[in-house]
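Student: For the sequence shown, counting from 1, position 271 maps to 271 in full-length UniProt numbering; every step adds exactly one. Cβ coordinates follow ideal geometry from the N, Cα and C atoms, glycine included. Structure provided below as structure tokens; questions to follow.
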Amino acid sequence: MSSKPEPKDVHQLNGTGPTPSPCSSDGPGREPLAGTSEFLGPDGAGVEVVVIESRANAKGIREEDALLENGSQSNESDDVSTDRGPAPPSPLKETSFSIGLQVLFPFLLAGFGTVAAGMVLDIVQLPTTAELEQALQMTATRSQEGHWEVFQKVTEVFILVPALLGLKGNLEMTLASRLSTAANIGQMDTPKELWRMITGNMALIQVQATVVGFLASIAAVVFGWIPDGHFSIPHAFLLCASSVATAFIASLVLGMIMIGVIIGSRKIGINPDNVATPIAASLGDLITLALLSGISWGLYLELNHWRYIYPLVCAFFVALLPVWVVLARRSPATREVLYSGWEPVIIAMAISSVGGLILDKTVSDPNFAGMAVFTPVINGVGGNLVAVQASRISTFLHMNGMPGENSEQAPRRCPSPCTTFFSPDVNSRSARVLFLLVVPGHLVFLYTISCMQGGHTTLTLIFIIFYMTAALLQVLILLYIADWMVHWMWGRGLDPDNFSIPYLTALGDLLGTGLLALSFHVLWLIGDRDTDVGD
């Protein structure tokens with residue numbers, strides 16, 4: 001038998017450090033060793049060392065297995081249980097019924113908000129031929145004439161509509177998703193964390209709203225100038241002042257509402273991901289469109305008297321930018337977004353502006369004037385549903401690690417529609433619930449528009465079929481893209497809360513406006529024009 005190993009070698013094997021003697025008892029498992037030398041004789045020492053070494057190896061293997069099994073868990077967690085699986089934490093353990101119940105009320109509230117926004121857009125749009133004839137037969141007040149005139153003389157305001165309504169996706173919905181994730185993972189539990197999160201995010205969205213509002217006005221001027229070849233400096237300043245002021249005020253009001261909704265939902269035990277983004281959209285469309293109409297009308301009335309007020313309005317909001325930048329930089333969570341979060345916001349604004357160009361060219365034709373009242377509805381519903389889904393997927397991923405860290409949550413390069421909509425996981429379940437809300441939701445909203453006698457469109461069966469086809473196709477595409485985009489961004493180390501929702505809501509605006517315009521043109525071509533297309 002080989003020579004007897006040194007005691008320190010034995011202790012290095014079991015990893016417990018030096019002990020007074022090999023026969024000392026540290027626990028019940030070592031008591032039999034105390035009497036081993038009593039019956040082993042002169043050569044028993046070697047056997048005893050083999051026994052100790054074998055048991056040390058066994059213990060080392062057990063410890064190594066335990067470490068490997070627990071290695072995937074957070075280093076900050078105190079739970080060393082090896083039974084913990086990849087199941088998400090309790091906020092995401094929801095049934096289809098509970099998801100639908102929590103989403104239904106905010107979804108309907110958001111839909112009625114888009115209906116109200118559509119009614120406003122229908123009122124302020126270019127008048128149809130019948131309305132012009134009626135206006136010639138009756139005396140209108142000066143305020144009513146001015147209210148219509150700004151949309152007649154400065155038609156580029158229509159290009160601003162999807163871009164500014166898209167701010168709810170670029171800013172408010174992103175804010176709601178970011179704060180919902182922070183609330184779900186415990187980053188808003190203490191008053192100090194809550195205050196820092198509120199001030200940083202409010203300052204951040206004011207910076208983004210001012211910049212995006214300015215860029216949206218430039219896009220509206222360019223898109224309006226290219227087809228017509230006409231450029232007006234007073235109109236350009238009017239668009240800039242209206243856009244910046246609308247974006248700033250709307251983001252301030254909606255941001256405060258979002259913070260209250262998220263804090264309140266956490267206190268009553270509701271998942272903020274299910275309610276925050278729809279409520280942001282419900283008030284966002286109406287508030288933004290009402291502000292844009294009122295501000296642009298008020299500034300237009302001063303066009304011939306106080307033209308210098310336009311650059312003064314722009315200069316005032318631009319002068320506030322350094323204040324918001326300083327406040328946003330104080331919070332680590334918003335400092336990163338302040339520097340790296342501009343790409344999705346600006347690209348989403350450009351995409352929405354293309355949708356605005358489609359809207360401008362479509363509603364300017366009296367034959368398709370009925371499209372105006374439905375545009376905010378179809379765009380808003382699609383954006384609301386995909387924002388809820390993106391926020392839920394992002395929260396699910398955040399609960400399992402940090403962006404780019406989880407190999408188990410690696411992005412699928414080409415997810416199959418069956419995986420997106422029919423797999424048993426919670427995100428697929430929520431996608432099915434959200435998709436099933438499209439038809440009943442739109443039927444309710446169409447009935448509401450009909451009861452309020454909004455628009456210039458009679459709701460015939462063929463119109464409803466075309467409208468529902470466009471709405472279902474829009475949401476189906478958006479939910480599929482959301483499943484791919486959120487996982488893809490996560491795999492690349494990008495936070496989906498900051499990057500995915502602007503792209504998705506902008507695509508929703510473009511798809512909704514394009515598909516709705518296509519539906520109206522097809523209805524016109526097949527002869528369905530006397531009862532429900534135009535007037």
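Is residue 544 helix, strand or coil when you go by DSSP?
Tutor: Coverage of the chain is limited to positions 1 through 535, which leaves residue 544 absent and any answer about it impossible.
Student: Taking the continuous alpha helix (DSSP H) assigned at Ser164, which residues delimit it?
Tutor: For this step, residue 164 is matched to residue 164 along the sequence shown. Before going on, a small fix: residue 164 reads as Leu here, not Ser. Val157 to Leu165 is the extent of the alpha helix (DSSP H) around Leu164.
Student: For the alpha helix (DSSP H) that contains Ile346, what are its first and last residues?
Tutor: The residue given as residue 346 occupies position 346 in the sequence shown. Taken as a continuous stretch (DSSP letters only), the alpha helix (DSSP H) holding Ile346 covers Trp342 to Val363.
Student: Would you give the residue range spanned by the alpha helix (DSSP H) that Phe368 belongs to?
Tutor: Counting from 1 along the sequence shown, the entry for residue 368 is found at position 368. First-last for Phe368: undefined, no H or E at that position.
Student: Taking the straight line between their C-alpha atoms, what separation do you get for Pro344 and Tyr503?
Tutor: Within the sequence shown, residue 344 is the residue found at index 344, counting from 1. Within the sequence shown, residue 503 is the residue found at index 503, counting from 1. Approximately 6 Å, taken between the alpha carbons.
Student: So, at 8 Å on beta carbons, what are the nonlocal neighbours of Leu516 in its own chain, with the 5 sequence-adjacent residues on each side left out?
Tutor: Position 516 of the sequence shown, counting from 1, holds the residue named residue 516. Here the set comprises Met371, Phe374, Thr375, Ile378, Tyr467 and Ala470.
Student: Sorted by chain position, which residues of the same chain lie with C-beta nearer than 7 Å to Ala183's C-beta, five sequence neighbours on each side aside?
Tutor: Residue numbering aside, residue 183 sits at position 183 when the sequence shown is read from its first letter. Within the same chain, Ala183 has close Cβ partners Ile262, Arg266 and Pro272.
Student: Going by CA-CA distance only, name the one from Pro234, Trp484, Phe445 and Phe463 that's closest to Asn427.
Tutor: As a working mapping, residue 427 is identified with position 427 in the sequence shown. Ranking Pro234, Trp484, Phe445 and Phe463 by Cα distance to Asn427 puts Trp484 first.
Student: How far does the alpha helix (DSSP H) with Cys418 in it extend, from its first residue to its last?
Tutor: For the purposes of this step, residue 418 is taken as residue 418 along the sequence shown, with counting starting at 1. Taken as a continuous stretch (DSSP letters only), the alpha helix (DSSP H) holding Cys418 covers Pro417 to Phe422.
Student: State buried or exposed for Val388, treating a residue as buried only when at least 16 other CB atoms are found within 10 Å of its CB.
Tutor: Sequence index remark: in the sequence shown, residue 388 carries index 388 (1-based). So Val388 counts as buried.
Student: Taking 8 Å as the cut-off, decide whether the C-beta atoms of Thr199 and Ala247 are in contact.
Tutor: Position 199 of the sequence shown, counted from the first residue, corresponds to residue 199. Position 247 of the sequence shown, counted from the first residue, corresponds to residue 247. Their beta carbons are not under 8 Å apart, which means Thr199 does not touch Ala247 by this criterion.
Student: Nearest-angstrom Cα distance between Gly382 and Leu357?
Tutor: By 1-based counting over the sequence shown, the position of residue 382 is 382. By 1-based counting over the sequence shown, the position of residue 357 is 357. Approximately 19 Å, taken between the alpha carbons.
Student: Helix or strand or just coil, what does DSSP make of Trp306?
Tutor: By one-based count along the sequence shown, residue 306 stands at place 306. Note: Trp306 maps to coil in three-state DSSP.
Student: Are the beta-carbon atoms belonging to Ser352 and Ala163 less than 8 Å from one another?
Tutor: Counted from its first residue, the sequence shown places residue 352 at position 352. Counted from its first residue, the sequence shown places residue 163 at position 163. For Ser352 and Ala163, yes; Cβs fall inside 8 Å.
Student: Are the beta-carbon atoms belonging to Phe107 and Leu437 less than 8 Å from one another?
Tutor: Within the sequence shown, the letter at position 107 stands for residue 107. Within the sequence shown, the letter at position 437 stands for residue 437. Yes. Within cutoff.
Student: Do Val326 and Ala482 have their CB atoms nearer than 8 Å?
Tutor: Residue mapping note: residue 326 aligns to position 326 of the sequence shown, counting from 1. Residue mapping note: residue 482 aligns to position 482 of the sequence shown, counting from 1. For Val326 and Ala482, no; Cβs fall outside 8 Å.
Student: So, for Ala176: in the same chain, excluding its five sequence neighbours on each side, which residues have a beta-carbon less than 6 Å away from its beta-carbon?
Tutor: Position 176 of the sequence shown, counting from 1, holds the residue named residue 176. These residues qualify, in order along the chain: Met258, Ala276, Thr277 and Ala280.
Student: Rounded to whole angstroms, what's the CA-CA distance from Gly85 to Met399? Just pull it up for me.
Tutor: On the sequence shown, residue 85 is found 85 positions in, with the first residue counted as 1. On the sequence shown, residue 399 is found 399 positions in, with the first residue counted as 1. Any reading at Gly85 must be qualified, since the residue scores a pLDDT of 42, below 50, and its modelled position is unreliable; no value is offered.
Student: Should the stretch 185-192 be regarded as contacting the stretch 299-317, the criterion being three or more beta carbon pairs within less than 8 Å?
Tutor: Output reads no: the stretch 299-317 does not touch the stretch 185-192.
Student: Mapping the DSSP letters down to three states, classify Gly454 as helix, strand or coil.
Tutor: By 1-based counting over the sequence shown, the position of residue 454 is 454. In the structure shown, Gly454 sits in coil (DSSP, three-state: anything other than H, G, I, E or B).
Student: Would you call the CB atoms of Ile309 and Ala245 closer than 8 Å?
Tutor: In the sequence shown, the residue the question calls residue 309 occupies position 309. In the sequence shown, the residue the question calls residue 245 occupies position 245. Contact flag unset, no.
Student: Runs of 4 residues minimum, wholly inside the stretch 255-302: which ones carry the alpha helix (DSSP H) assignment?
Tutor: If we require 4 residues or more, the alpha helix (DSSP H) runs fully inside the stretch 255-302 come out as 272-301.
Student: Rounded to the nearest angstrom, what separates Ile99 and Trp195 at their Cα positions?
Tutor: Taking the first residue of the sequence shown as 1, we reach residue 99 at position 99. Taking the first residue of the sequence shown as 1, we reach residue 195 at position 195. Cα-Cα distance, rounded: 29 Å.
Student: Going by C-alpha to C-alpha distance, which of Phe396, Thr419 and Thr513 sits closest to Phe158?
Tutor: As a first step, residue 158 is located in the sequence shown; it is residue number 158 there, counting from the start. The candidate whose alpha carbon is nearest that of Phe158 is Thr513.
Student: Which whole-angstrom value is the C-beta distance of Ala220 and Glu156, which I expect to be below 8 Å?
Tutor: Residue mapping note: residue 220 aligns to position 220 of the sequence shown, counting from 1. Residue mapping note: residue 156 aligns to position 156 of the sequence shown, counting from 1. Contact flag correct, Cβ pair sits at about 4 Å.
Student: Below 8 Å on the Cβ atoms is my contact criterion, and I expect Val354 with Leu171 to pass it. Report the Cβ-Cβ distance as a whole number of Å.
Tutor: Position 354 of the sequence shown, counting from 1, holds the residue named residue 354. Position 171 of the sequence shown, counting from 1, holds the residue named residue 171. Val354 to Leu171, Cβ: 19 Å. No contact.
Student: Return helix, strand or coil for Pro502, following the three-state DSSP convention.
Tutor: Sequence index remark: in the sequence shown, residue 502 carries index 502 (1-based). Helix.
Student: Please report the distance separating the alpha-carbon of Val323 from that of Val212.
Tutor: Residue 323 sits at position 323 when you count from the first residue of the sequence shown. Residue 212 sits at position 212 when you count from the first residue of the sequence shown. Going from the Cα of Val323 to the Cα of Val212 covers about 17 Å.
Student: Is Gly527 buried or exposed, if buried means 16 or more other CB atoms sit within 10 Å of its CB?
Tutor: Here residue 527 refers to the residue found at position 527 when the sequence shown is read from its first residue. Exposed, by the Cβ-count rule.
Student: According to the Cβ coordinates, are Ser243 and Ser217 closer than 8 Å?
Tutor: Sequence index remark: in the sequence shown, residue 243 carries index 243 (1-based). Sequence index remark: in the sequence shown, residue 217 carries index 217 (1-based). Their beta carbons are under 8 Å apart, which means Ser243 touches Ser217 by this criterion.
Student: For Phe435 and Gly111, which I take to be in contact (beta-carbon distance under 8 Å), what is that distance rounded to the nearest angstrom?
Tutor: Numbered from its first residue, the sequence shown carries residue 435 at position 435. Numbered from its first residue, the sequence shown carries residue 111 at position 111. Incorrect: roughly 15 Å between the Cβ atoms, too far for contact.
Student: First and last residue of the alpha helix (DSSP H) that includes Phe107?
Tutor: Translated into positions along the sequence shown, residue 107 becomes position 107. Its alpha helix (DSSP H) spans residues Ser96 to Val124.
Student: Keeping to the same chain, check which residues put their C-beta closer than 7 Å to that of Gly415; ignore five residues upstream and five downstream.
Tutor: Position 415 of the sequence shown, counted from the start, is the residue given in the question as residue 415. Before going on, a small fix: residue 415 reads as Pro here, not Gly. Here the set comprises Asp483 and Trp484.
Student: Have a look at Ala290 and Arg392 and give me their C-alpha separation to the nearest angstrom.
Tutor: As a working note, residue 290 is residue 290 in the sequence shown. As a working note, residue 392 is residue 392 in the sequence shown. So the alpha carbons of these two residues sit roughly 30 Å apart.
Student: Do Leu160 and Leu292 have their C-beta atoms closer together than 8 Å?
Tutor: The count along the sequence shown starts at 1 and reaches residue 160 at position 160. The count along the sequence shown starts at 1 and reaches residue 292 at position 292. Yes, they are a contact pair.
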